[in-house]
Structures are given as structure tokens and as C-alpha cells.
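In the numbering used here, the protein residues as written are 2 to 595.
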């Protein structure tokens with residue numbers, strides 16, 4: 002996917018230009034009322050001609066009809082601009098969120114909410130008030146033409162309103178930022194509580210977590226109230242200043258009329274113009290909190306767009322055969338002093354299967370995420386068919402890589418839709434084939450509704466084991482060459498684990514490389530290769546039977562490999578009889594001495 006936008010409003014010049022043109026006519030036609038008053042006093046009242054009055058009135062009504070037309074067009078264009086912004090930026094923002102490589106990079110759904118905030122602002126009255134604000138200077142200039150004294154009164158009044166607007170922005174800036182930050186924290190905690198409602202309720206911790214959420218929510222509300230209070234104060238001051246300004250302009254106008262320096266019609270026209278000039282500034286102050294929120298949203302979205310790489314174009318490569326080569330793979334994250342994985346090296350051929358074992362926190366999951374491109378490497382390479390993973394077009398290689406994470410999340414839809422990853426163009430035959438390959442076809446048919454059964458939000462209508470097996474079928478969907486399963490048997494009973502072993506064997510028979518992160522021995526005994534991770538290092542790699550034989554004490558089939566006693570292996574032997582390019586006696590490569 003290529004993106005060439007560096008700012009939120011890029012690519013919207015046509016709509017923005019049309020909005021400015023409509024604003025020009027709106028503000029020009031806003032002069033209808035003051036001009037009508039001038040003509041009434043200078044022509045009609047002096048001549049007493051009712052026909053002149055009729056012509057002027059008809060002309061004013063026609064002008065106001067055009068005013069209505071252009072004002073409506075402008076508002077519709079502003080609404081369309083907001084819609085186009087969300088429609089064009091939505092896929093880009095969602096792509097950035099989905100492609101975020103690590104949990105530390107994820108921003109939640111905040112960028113999506115930022116798009117909605119920006120759309121509502123553009124379609125709202127504050128945006129049009131900002132469009133009208135520059136015309137205040139034009140109306141003040143016209144008042145100078147009426148009489149310099151009227152112009153100076155208008156200048157003084159508009160300046161006061163402008164100062165109030167600046168003070169409102171300064172006073173509300175920090176509380177608004179605090180309100181947004183604390184509001185996001187409270188919203189994130191609420192989502193976590195709902196997601197883990199069963200645990201919270203069963204352990205009787207609902208009141209404690211509600212208190213925690215309420216504490217965050219209160220801080221957010223206090224900051225929001227501070228913004229609202231300050232903006233309300235300055236809005237009231239702005240209304241007070243505008244009313245005083247209206248009185249001042251009328252007082253000066255009457256004085257000039259009494260001196261014979263001004264026509265009464267000019268005085269009334271000046272009062273109307275002043276109201277028109279002050280209105281945008283007053284509306285902007287009243288909607289300052291919306292303006293601040295939109296400005297923050299625009300800034301965050303621009304930061305996302307600026308961080309998108311646009312220059313790197315990946316050429317499509319031949320369809321992968323599935324050779325996997327890991328070379329000195331090292332992962333470092335800012336929050337950790339030591340690498341999560343360090344100098345991991347091994348090779349697997351099409352049809353090989355590998356069990357990855359080791360204590361908790363040894364780097365197994367990090368390695369699994371790196372193998373499918375979810376965790377970037379600080380050093381080293383992961384190659385598929387000799388091409389580094391980052392050199393493959395993501396859409397091309399993604400179609401050949403299957404992944405089952407530790408925590409299986411399903412989408413709200415049917416079982417068939419979830420197996421196909423919600424692809425509406427997926428072939429039903431391919432869905433059934435993936436289910437059969439994953440040994441879950443009979444399980445699906447036993448459920449009410451079969452493949453058309455709804456799974457609910459995050460798969461809540463299924464058991465943990467059923468979700469895991471549906472996730473397994475999803476990992477097998479399509480023409481997979483590499484399948485990485487992170488503890489796929491964590492929620493499975495012995496029957497489900499046996500089905501998993503058959504699924505791995507079936508995928509291997511089709512030439513897939515299958516890597517299974519596990520703590521259980523039963524599935525490991527069915528693998529051709531095994532690797533032992535300790536403290537982020539691949540300390541052992543070789544034939545699975547040799548890894549198992551290296552344990553000092555025999556283990557039961559369902560015993561875990563949580564704290565193995567590490568011994569040095571002798572030269573490993575391939576467990577399969579298949580030959581490879583290096584000959585039948587070639588040994589698997591390892592990053593550790595064996």
C-alpha cells in the first residue's frame with residue numbers, strides 16, 4: 002500500500018477552494034442589509050417613493066436568496082470535506098494501527114477518534130466562523146469609509162475580542178491537553194475492565210477496579226470542567242464586549258448625526274456591519290474547546306502521516322517455497338536493558354517442523370512474532386527463500402504466512418468468516434479445506450449452525466479451546482508456506498492436542514514449515530526438529546529426539562518443559578529421511594555450540 006500524504010488536508014485543495022469561493026459570496030451578500038438601510042434613508046425617506054421602496058425590497062430579497070444558496074452550499078461543502086477527510090485518511094490510519102510492530106507502538110483507537118473529532122469540527126459552526134473571521138477586517142474598512150470615528154470604535158472593539166480569544170486559548174490549552182490525556186487513560190481502563198469482566202467479577206474485584214476507573218474519570222472530568230469554565234468565562238466576556246461595542250457604535254453614530262457629519266442610515270448600517278464583523282470572533286471564542294480538540298487531533302494525525310514510509314517500493318518476488326533461514330536474529334526494545342532474543346540462528350527446509358521450548362520469559366514468543374514480521378530485528382535477518390522478510394511485499398508474503406498468537410481473538414462474525422479473516426471474497430471450499438487441514442472440520446459441524454455459527458464479540462460464544470482451534474484453522478487458511486503457532490495446545494484437551502499433532506503433520510506433508518511454541522512434551526515428540534530457548538538465546542537446536550534425549554530425567558507426555566536441565570548435545574542428526582541441497586548428512590545450523 003502506497004501513501005503519499007504528509008498532512009491531513011493534502012489532496013483536498015479543490016473542496017477547500019470551493020468553500021473559500023462560497024465564503025466570498027456569503028460575506029459579500031452579507032452587505033445586503035446595511036446597503037438596504039443606506040438606500041432607505043438616502044432615497045426612499047427623502048423622496049417618499051413607494052416604487053423605489055418596492056424595487057429595493059425585491060432586490061434585497063433576491064440578494065438574500067443568493068445568500069441562502071451560497072451559505073447552504075458552503076455548509077454542505079464543509080460537511081463533504083469532513084467526510085472526505087475521514088474516508089480518505091481512515092484506511093491509512095487503520096493500516097498504521099494494524100502494522101504497528103510492537104505493543105509499545107500501538108495507540109489504541111485514538112487516531113480513529115481523532116478523525117471523527119476533525120470531521121465533526123469541519124462540519125460544525127466554529128469552522129465556518131473561522132472562514133468568516135478575515136472578513137471582519139473588510140467590514141471594519143467599510144466602516145472607516147463611513148466615518149473614521151466609526152472605524153476606530155470598530156477597531157478597538159474587534160481588538161478586545163481578539164485579545165479575549167488569545168487569552169481563552171492560552172488559559173485552556175494545558176487543561177485541554179490534560180483532559181484528553183486523562184480521558185484516554187480512563188477509556189483504556191474501562192475497555193480492559195469490560196474485556197476481563199469475568200475475572201473481575203469472579204474474584205470480587207469489581208468495586209476496587211470501579212474505584213480505580215472512577216479516580217481516573219474524575220481527574221478527566223475536573224480537567225474538562227476547567228476547560229469549559231475558562232472558555233465559558235471568556236465567552237461571556239466576549240458577549241459583554243460585543244454588546245458594549247454595539248452601544249458604543251450607536252452612541253458615536255448618534256453624536257455624529259447630531260453634528261451633521263453622518264446620515265442616520267449610515268449609523269444603522271454601521272451598527273449592522275459591526276455585528277457582522279464581531280460575530281465570527283465571538284463564535285470562535287465560544288467554540289474554543291472544539292477548536293483546541295481539533296487542533297490536537299490534526300497534530301497527532303499529521304505526526305502519523307509524517308511517520309509513514311513512502312519511498313520503499315518492494316518488487317514482487319516468485320511465490321515462496323518455504324525455506325526458512327534465521328541469521329543472528331536479535332531483538333532490542335527501549336524498555337528492556339537486555340535483548341529479548343540474541344543471536345538466534347537456525348535453518349528449516351520445506352516440510353520441517355520445529356518445537357520451540359524453554360522457560361517462561363526466555364524469548365519464545367518474541368522469536369515467534371519476529372518470524373512472522375510482527376517484531377522488528379535490531380540485528381540479523383529472517384529469510385524466506387533467501388530473501389529477507391522485510392524485502393518481501395507484505396501483501397504477498399502475508400498470504401503465505403500463518404500465525405496463531407497465545408491469546409486468540411476472533412472477530413464478531415461467523416466461523417467461516419473468521420477462518421477466512423473476514424475476507425468477503427474467500428472461497429467456501431478454501432475455508433473447508435483449511436478447517437480439514439487443521440483437523441477442526443468435525444468440531445465445526447457439531448456446533449449449531451456449523452460454519453455459519455456466530456462466534457460473538459472476540460469469540461465469546463465459544464470456549465477457549467474452540468477459539469484456539471478456530472484460530473488454528475485461520476492460520477492454515479490459504480497457500481501457507483510458513484506457519485507459526487504460539488502455544489496452540491494451551492487450552493486443548495488430549496483429544497484436541499492429538500488433532501493438533503495431526504494438523505501439523507498434514508501441513509508438513511504439504512511442504513509447510515511449522516514452528517510450534519510449547520511447554521508440553523506430547524507435541525514435541527511429533528516434531529522433526531526442536532530448539533531450546535534460555536535467556537533469549539537458542540542454546541540448543543537439532544533433531545527433536547536428540548533434544549528430548551538430552552534431558553537428564555524422562556518426562557511424561559503431558560509434562561512441561563518449564564525448567565529443563567540443560568546438557569550439551571552431541572552432533573544432532575536430522576529426524577526425517579528427506580534429503581536436502583547439502584546432502585542427506587547435512588546437519589541443522591544452530592546459533593549455539595552443540
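The beta carbon of each residue, even a glycine, is placed where N, CA and C say it ideally should be.
Below 8 Å on the Cβ atoms is my contact criterion, and I expect residue i with residue j to pass it. Report the Cβ-Cβ distance as a whole number of Å.
i           : j           : result
residue 134 : residue 253 : Going by Cβ atoms, the distance from residue 134 to residue 253 rounds to 24 Å, so no, they are not a contact pair.
residue 217 : residue 129 : Actually they do not touch by this definition, with Cβ atoms about 35 Å apart.
residue 419 : residue 475 : 6 Å
residue 15  : residue 89  : In fact, because the Cβ distance is near 13 Å, the residues do not count as touching under 8 Å.
residue 356 : residue 517 : 5 Å
residue 519 : residue 358 : 6 Å
residue 172 : residue 81  : With a Cβ gap of about 34 Å, residue 172 and residue 81 do not count as contacting.
residue 325 : residue 345 : Between residue 345 and residue 325 the Cβ distance is about 12 Å, and since that is not below 8 Å, they are no contact.
residue 9   : residue 302 : 5 Å
residue 263 : residue 257 : 4 Å
residue 97  : residue 305 : 6 Å
Who are the Cβ neighbours of residue i in its own chain at under 8 Å, not counting the five residues just before and after it?
i           : result
residue 570 : Its pLDDT being 41, under 50, residue 570 is placed unreliably in this model, and the coordinates cannot settle the point.
residue 389 : 382 and 383
residue 87  : 116, 117, 119 and 120
residue 33  : 61, 64, 65 and 68
residue 442 : 433 and 436
residue 363 : 534, 535, 536 and 537
Can you name, in chain order, every residue of its own chain whose Cβ lies under 7 Å from the Cβ of residue i, other than the five neighbours on each side?
i           : result
residue 44  : 53
residue 291 : 122, 125 and 127
residue 405 : 472, 473, 476, 486, 487 and 489
residue 427 : 421
residue 191 : 214
Have a look at the options and flag the residue whose alpha-carbon is nearest the alpha-carbon of residue i.
i           : options               : result
residue 189 : 111, 209, 178 and 223 : 111
residue 160 : 239, 179 and 215      : 239
residue 481 : 505, 193 and 467      : 505
residue 323 : 298, 401 and 299      : 401
residue 169 : 81, 80 and 285        : 285
residue 166 : 233, 377 and 214      : 233
residue 149 : 268, 431 and 513      : 268
residue 327 : 77, 318, 461 and 342  : 342
residue 408 : 40, 465, 440 and 93   : 465
residue 501 : 478, 377, 318 and 438 : 438
residue 210 : 478, 49, 194 and 545  : 194
residue 221 : 298, 415, 417 and 179 : 179
residue 197 : 539, 461, 320 and 532 : 461
residue 468 : 288, 208 and 448      : 448
residue 337 : 494, 537, 373 and 71  : 537
residue 539 : 83, 294 and 329       : 329
residue 440 : 411, 478 and 40       : 478
residue 40  : 71, 429 and 56        : 56
residue 331 : 321, 370 and 317      : 370
residue 596 : 523, 317, 58 and 366  : The structure shown does not extend to residue 596, since the chain is modelled only from 2 to 595, so the question has no answer here.
Tell me the DSSP secondary structure of residue i in three-state form.
i           : result
residue 77  : helix
residue 442 : helix
residue 531 : strand
residue 350 : coil
residue 13  : coil
residue 570 : Summary for residue 570: the model assigns pLDDT 41, below 50, so the residue's position carries little reliability; its value from the coordinates is reported in the next sentence. Coil at residue 570, not helix or strand.
residue 184 : helix
residue 102 : With a pLDDT of 45 at residue 102, under the threshold of 50, the modelled position of this residue cannot be trusted; read the value that follows with caution. If DSSP states are grouped into helix, strand and coil, residue 102 belongs with coil.
residue 355 : strand
residue 456 : coil
residue 521 : strand
residue 26  : helix
residue 373 : coil
residue 65  : helix
residue 478 : coil
residue 166 : helix
residue 60  : helix
residue 450 : coil
residue 378 : coil
Which residues does DSSP pair with residue i in a beta bridge?
i           : result
residue 485 : 404 and 516
residue 540 : None, per the DSSP bridge assignment.
residue 388 : 385
residue 326 : 348 and 384
residue 342 : 332
residue 415 : 455
So, for residue i: in the same chain, excluding its five sequence neighbours on each side, which residues have a beta-carbon less than 6 Å away from its beta-carbon?
i           : result
residue 227 : 176
residue 333 : 340 and 379
residue 151 : 144 and 271
residue 352 : 509 and 512
Within 8 Å (strictly less), CB to CB, does residue i reach chain D?
i           : result
residue 208 : Although the question refers to chain D, the structure presented lacks it and comprises just one protein chain.
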